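> In the numbering used here, the protein residues as written are 1304 to 1511. Heads up, the beta-carbon is just placed ideally off N, CA and C, and yes, glycines get one too. Computed from a predicted model, the values in this text were never measured in an experiment.
1. Going by DSSP, what residues sit across from residue 1456 in a beta bridge?
2. Helix, strand or coil for residue 1399 per DSSP?
3. By how many angstroms is the C-alpha of residue 1463 removed from the C-alpha of residue 1370?
4. State the CB to CB distance for the pair residue 1360 and residue 1390, rounded to an integer number of angstroms; the pair is presumed to be in contact (CB under 8 angstroms).
5. If residue 1422 sits next to residue 1411, beta carbons under 8 angstroms apart, how far is it from one beta carbon to the other, in whole angstroms?
6. Short check: CB of residue 1500 to CB of residue 1428, under 8 angstroms?
7. Under DSSP, the beta strand (DSSP E) around residue 1472 begins and ends at which residues?
8. So the beta strand (DSSP E) residue 1414 belongs to, where does it begin and stop?
9. Given residue 1413, which residues of its chain have a CB within under 8 angstroms of its CB, disregarding the five upstream and five downstream residues?
10. Taking the alpha-carbon positions, what's the residue 1381 to residue 1473 distance?
11. Measure the alpha-carbon distance for residue 1403 versus residue 1489 and round it to whole angstroms.
12. Does the beta-carbon of residue 1392 have 16 or more other beta-carbons within 10 angstroms, so that it is buried, or is it exposed?
13. For residue 1451, which of 1366, 1394, 1495, 1357 has the nearest alpha-carbon?
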């Protein structure tokens, strides 16, 4: 989601200076859902995965944001192209992807310099399978290992409940004017990282 007061936006980000923090685990995706029968692997992303990563982002917005932002806004947001420096974003941040049986099913990344969780996205067909929780837990582990005591984020409206369940507290509602010409309401949230992660995800392993 967009940057907000107290959470300065990156010079380069997922939506051209926007902070996107969408969690599709917070919503139920209608229809048949694939089973996650093997452990979810969270590992560092590589630049050559940029297209698969962006496809997850686009599908998540299209499938999961209409109820909170309306179809027209969700479609416009989803169809924003990746920034020209997206490969550099992947290289220069703690950027993780989640895999299930070698399929890229989610991703997230954080900015240690600003102590900000910049994004979490999950493929909608894998929503409510613990993928987002696994990515969030792995990113928090990285943040704690880097000596961060607090992590902030700007949550999309459909993700507020998800982050609240993970221990994040709402600070204030904000509105970010997207460069494409529409406004995206969001909620600034933060968490004291001294608090343990509630109900750590099962069936998850972390690779360097």
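Per the coordinate set shown:
1. 1492
2. strand
3. 14 angstroms
4. Actually they are not in contact, since the Cβ atoms of residue 1360 and residue 1390 sit about 15 angstroms apart, beyond 8 angstroms.
5. 6 angstroms
6. Taking 8 angstroms as the cut-off, the beta carbon of residue 1500 is found no closer than this to the beta carbon of residue 1428.
7. 1472 to 1480
8. 1406 to 1414
9. Excluding residues within five positions, the ones whose Cβ falls inside 8 angstroms are 1396, 1397, 1419, 1420, 1421, 1442, 1445, 1446, 1454.
10. Cα to Cα, the separation comes out at about 25 angstroms.
11. 30 angstroms
12. buried
13. 1495
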